[in-house]
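A short write-up of the structure that comes next.
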Amino acid sequence: AQTVTQSQPEMSVQEAETVTLSCTYDTSESDYYLFWYKQPPSRQMILVIRQEAYKQQNATENRFSVNFQKAAKSFSLKISDSQLGDAAMYFCACLDEGAQKLVFGQGTRLTINP
Amino acid sequence: DARVTQTPRHKVTEMGQEVTMRCQPILGHNTVFWYRQTMMQGLELLAYFRNRAPLDDSGMPKDRFSAEMPDATLATLKIQPSEPRDSAVYFCASGLAGRAQYFGPGTRLTVL
Chain A
24 AQTVTQSQPE
34 MSVQEAETVT
44 LSCTYDTSES
54 DYYLFWYKQP
64 PSRQMILVIR
74 QEAYKQQNAT
84 ENRFSVNFQK
94 AAKSFSLKIS
104 DSQLGDAAMY
114 FCACLDEGAQ
124 KLVFGQGTRL
134 TINP
Chain B
6 DARVTQTPRH
16 KVTEMGQEVT
26 MRCQPILGHN
36 TVFWYRQTMM
46 QGLELLAYFR
56 NRAPLDDSGM
66 PKDRFSAEMP
76 DATLATLKIQ
86 PSEPRDSAVY
96 FCASGLAGRA
106 QYFGPGTRLT
116 VL
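Residue numbers (the working numbering), protein chains in the order written: chain A, 24 to 137; chain B, 6 to 117.
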């Protein structure tokens, strides 16, 4: 069974600075996908970034980038130039292509200090 | 801008009443998922469909919950009878097999 672990229940960062959220996962599958979702106070789950396991290059979306370490089963999210609107719960998730199930971590609450 | 829509956004009901939640997936997506989110359990997968066929509903209490896809544009999640412990935010998500899932805004259910 897949598991996803986010070891940081809460993180905070000063506006305009950089923060890294940690995520580790475990899967026996060779083909899988990894995602970061953002959930602001509105409760909407918003896809931030995705990574295909077979791609060595780390995914990047504007100020958001990942550090994908496949051997270590680590998938951290880096947010550069943090903005107040980045404040949210962030969930790491793994999609087992075979089972089609998204498995989520418990989330990290990110606070941005002005 | 294609989005998953869910209705109602909020629902308050009394214990024992039937609750039906509806979801319109993004056109062209062939997988639809129902999740429940609570403070205690986090995000739980209740059921999912591929090409309208139910693939897995093992996360769903069978005695009171049912999920259907009467057509490609509508998915429903029904609770009958509802109980206070069902109070949660219920999300619908859709996607293409093997790709990201896109979530709806959720239905906040309160069962008194």
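Heads up, the beta-carbon is just placed ideally off N, CA and C, and yes, glycines get one too.
Computed from a prediction, not measured in an experiment: that's the story for all the values here.
Exercise. What is the residue span of the beta strand (DSSP E) that Met-112(A) lies within?
Worked result: 111 to 119
Exercise. Which residues in chain A sit within 7 Å of Tyr-95(B), going by Cβ to Cβ distance?
Worked result: The premise fails here: Tyr-95(B) is roughly 11 Å from chain A at the closest Cβ pair, so nothing lies under 7 Å.
For this session: Answer with buried or exposed for Tyr-77(A), where buried requires no fewer than 16 other C-beta atoms within 10 angstroms of its C-beta.
Result: exposed
Problem set entry | Three or more C-beta pairs below 8 Å linking the region 22 to 37 of chain B and the region 47 to 62 of chain A | no
Problem set entry | Interface flag, Arg-66(A) vs chain B, CB-CB below 9 Å | yes
Exercise. Under the rule that 16 or more other beta-carbon atoms within 10 Å means buried, what is Ile-69(A), buried or exposed?
Worked result: exposed
Exercise. Between the C-alpha atoms of Phe-114(A) and Arg-132(A), what's the straight-line distance to the nearest angstrom?
Worked result: 9 Å
Exercise. What's the call for Ala-111(A), buried or exposed, on a 16-neighbour Cβ count within 10 Å?
Worked result: buried
Exercise. Name the residues in the region 48 to 66 of chain B whose C-beta lies less than 8 Å from a C-beta of chain A; which are they?
Worked result: Leu-48, Leu-50, Tyr-53, Arg-55, Leu-60 and Asp-61
Exercise. Closer than 9 Å, CB to CB, is Tyr-77(A) near chain B or not?
Worked result: no
Problem set entry | Where Leu-101(B) falls: helix, strand or coil (DSSP) | coil
Exercise. Which one or two residues does DSSP pair with Met-33(B) in a beta bridge?
Worked result: The residue asked about is misnamed: residue 33(B) is Gly in this sequence, not Met. Answer by DSSP bridge pairing: none, since Gly-33(B) is not bridged.
For this session: Give the straight-line distance between the Cα atoms of Ile-102(A) and Val-42(A), rounded to the nearest whole angstrom.
Result: 5 Å
For this session: Could you tell me whether the Cβ atoms of Ile-135(A) and Gln-106(A) are closer together than 9 Å?
Result: yes
Exercise. How would you write the range of the beta strand (DSSP E) that Thr-50(A) sits in, first residue to last?
Worked result: Taken as a continuous stretch (DSSP letters only), Thr-50(A) belongs to no beta strand (DSSP E), as it is neither H nor E.
Exercise. By DSSP, does Pro-89(B) sit in helix, in strand, or in coil?
Worked result: helix
Exercise. Could you check where the beta strand (DSSP E) with Ser-35(A) kicks off and where it finishes?
Worked result: 33 to 37
Exercise. To the nearest angstrom, how far is it from the Cα of Phe-91(A) to the Cα of Arg-41(B)?
Worked result: 28 Å
For this session: Give the secondary structure of Leu-117(B) by DSSP, where H, G and I count as helix, E and B as strand, and everything else as coil.
Result: coil
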